[in-house]
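Let me begin by presenting the structure, written as structure tokens, before commenting on it.
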Amino acid sequence: MNPSNPTQDSIMEVACQFFQSQLTDRHRTFLGDRYGLTPDTVDKFRIGFCPVGWNHEFFIHLMGFGFDPQDIENTGLFSVGPGWFSPMWRGRLMFPYLEGGNVRYFIGRETDETKDGKKDQPRGKYKKQLTKSEKRPNILAYEPIFGSDSVTPGEPVIVTEGITDAIITIQAGYSCISPVTTRFKKDHATRLVDLVQPCSKVVLLMDSEESQAGEWGAVDTGLELCRHGIIPFIGTIPRPEGVDKVDLNDFIREGGDVSDLITKAVLIELHPLAHLRKRELWKKSGERMATGMVRENNLKKYGPKTWTHTGPDLMEKTRIVERYIPPISHFTGFSNGTGPHPVYGSTTGHNLEVTGDLWRCYHKGREGGGNVLQWVAIHDLGLIREGEKLRGADFVKTINHCWEKYVPLDVKNGTENGTKNMERGPVS
Numbered sequence: 377m378n379p380s381n382p383t384q385d386s387i388m389e390v391a392c393q394f395f396q397s398q399l400t401d402r403h404r405t406f407l408g409d410r411y412g413l414t415p416d417t418v419d420k421f422r423i424g425f426c427p428v429g430w431n432h433e434f435f436i437h438l439m440g441f442g443f444d445p446q447d448i449e450n451t452g453l454f455s456v457g458p459g460w461f462s463p464m465w466r467g468r469l470m471f472p473y474l475e476g477g478n479v480r481y482f483i484g485r486e487t488d489e490t491k492d493g494k495k496d497q498p499r500g501k502y503k504k505q506l507t508k509s510e511k512r513p514n515i516l517a518y519e520p521i522f523g524s525d526s527v528t529p530g531e532p533v534i535v536t537e538g539i540t541d542a543i544i545t546i547q548a549g550y551s552c553i554s555p556v557t558t559r560f561k562k563d564h565a566t567r568l569v570d571l572v573q574p575c576s577k578v579v580l581l582m583d584s585e586e587s588q589a590g591e592w593g594a595v596d597t598g599l600e601l602c603r604h605g606i607i608p609f610i611g612t613i614p615r616p617e618g619v620d621k622v623d624l625n626d627f628i629r630e631g632g633d634v635s636d637l638i639t640k641a642v643l644i645e646l647h648p649l650a651h652l653r654k655r656e657l658w659k660k661s662g663e664r665m666a667t668g669m670v671r672e673n674n675l676k677k678y679g680p681k682t683w684t685h686t687g688p689d690l691m692e693k694t695r696i697v698e699r700y701i702p703p704i705s706h707f708t709g710f711s712n713g714t715g716p717h718p719v720y721g722s723t724t725g726h727n728l729e730v731t732g733d734l735w736r737c738y739h740k741g742r743e744g745g746g747n748v749l750q751w752v753a754i755h756d757l758g759l760i761r762e763g764e765k766l767r768g769a770d771f772v773k774t775i776n777h778c779w780e781k782y783v784p785l786d787v788k789n790g791t792e793n794g795t796k797n798m799e800r801g802p803v804s
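Under our numbering, the first residue of the sequence shown is numbered 377, with each subsequent residue one higher.
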């Protein structure tokens, strides 16, 4: 659990109370009809609504409780620019993430009243609160794992894909957590392991869809848990013929038996997609080994290159990053073909295309594509948008990010590449 900030916690609590006060009977009816959430569940999870008309008024409302403007800005509840600020959401259903009973984070769900977003740009179905980053170092908000308060030691825990999937599963009487996408972020790994370690069984129940994006996400999450000594099970939600997608919320609303899914779930090592994913990893490992043998042979044949005291130049660093960065399928959840975009989601399941090492997006006007470096620059770092070229300072930042994140330490600092103790030396 991230360290608490009393001022941040207080502002988030006041904001949550405000959102709850704006939830109408019409909204409650929608939550019941669309997601099967009972009035008690809506209250328990403190679901609210951020109105359209409140712009400066919301900021003033928070100041009325004695909060400093800078502290309000630091919450990540507002988008701020030179001479302007605006709430992150206008006309959205608000789902708070509760951790230890405290409001830590918000995500807003689009409605027919939604008015936020920039002109000429599509609005996402879900919109998350701002969090701390290199671009926003002042922001105090962080994204916890949704549903963490439902986890009970000694009992099974379900891992599912969407926020309403998790809520209705908890409503049905089960412990459930969610990454609110197909897979957990890397910085959630430690917290995820700590959460599920005391549980009797971990069952991954992601969306059942034709593209298999949910199943691939389950496999990747499961393999990450395996690395920490936790062997999970993967369940399959039945999908009728001719239906593109069925999620856990759909299954439960239609009267499905979650306990049956838990019983029929198979160990990850028996899941066919897990075999394919491990085969990909083994192949990549073999390619790296072969590359290392070629490097060693070329070093003997042609003599060593040298790096300066500060390490390799940009060209050399780029070459090494391209060798160790994961394939594009690691980020998209599938290889060669079409499927749903893991960041934007998809109503059709076909708004992202992967061909070899390249990808292309067709999401509501966000056409663009490129290689894995461009994916990282867009979705991991937020440096550019789809359709923009990766160059200049943004390219350098992307290479440096991937160098630190994906290149093994022994490659960066070992004697084989001449950077140990920051001394000049040979490198392939």
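Think of the CB as a built atom: it goes at the ideal place given N, C-alpha and C, for glycine as much as any other residue.
Annotated three-state conformation of Glu764 is coil, per DSSP.
Positions of the alpha helix (DSSP H) runs, each at least 4 residues long and wholly inside the segment 457 to 531, cannot be given because no such run exists.
Here the alpha carbon of Lys773 sits roughly 11 Å from the alpha carbon of Glu510.
Of the residues Glu591, Lys693, Asp633, the one whose Cα lies closest to the Cα of Ile644 is Glu591.
Of the residues assessed, Phe710 falls on the buried side of the cut-off, its CB having 16 or more other CB atoms within 10 angstroms. Here the segment 418 to 437 makes no contact with the segment 379 to 387; the two share fewer than three CB pairs at distances below 8 Å. Scanning the segment 390 to 437 for uninterrupted beta strand (DSSP E) segments of 3 residues or longer gives 424 to 426, listed from N- to C-terminal end. By DSSP's assignment, His717 forms a beta bridge with Gly721. Contact between Ser526 and Ser554 is absent: CB atoms are separated by about 10 Å, not below the 8 Å threshold.
DSSP lists Thr536 as the bridge partner or partners of Leu581. Short of 7 Å from the beta carbon of Phe627, and not among the five residues preceding or following it, lie these beta carbons of its own chain, in chain order: Ile613. When the alpha-carbon of Thr414 is set against those of Ile546, Met470, Asp444, the nearest one is in Ile546.
Beta-bridge partners assigned by DSSP to Ile553: Val535. In summary, Arg603 is exposed, with fewer than 16 beta-carbon neighbours lying within 10 Å of its beta-carbon over all protein chains present.
Counting along the chain, the unbroken alpha helix (DSSP H) around Gly590 starts and ends at 589 to 603. Counted as a single uninterrupted DSSP element, the stretch harbouring Arg736 is not any alpha helix (DSSP H) but the beta strand (DSSP E) occupying residues 734 to 737.
Per DSSP, the beta bridge partners of Lys621 are Glu585.
Note that the segment 449 to 460 does not touch the segment 572 to 581; fewer than 3 beta-carbon pairs, one per stretch, sit closer than 8 Å. Beta-bridge partners of Val730 (DSSP): Gly713, Trp735.
Judged by pairs of C-beta atoms under 8 Å, the segment 428 to 437 does not touch the segment 512 to 525, as fewer than three such pairs exist. In the DSSP assignment, Ser455 is bridged to Ser462.
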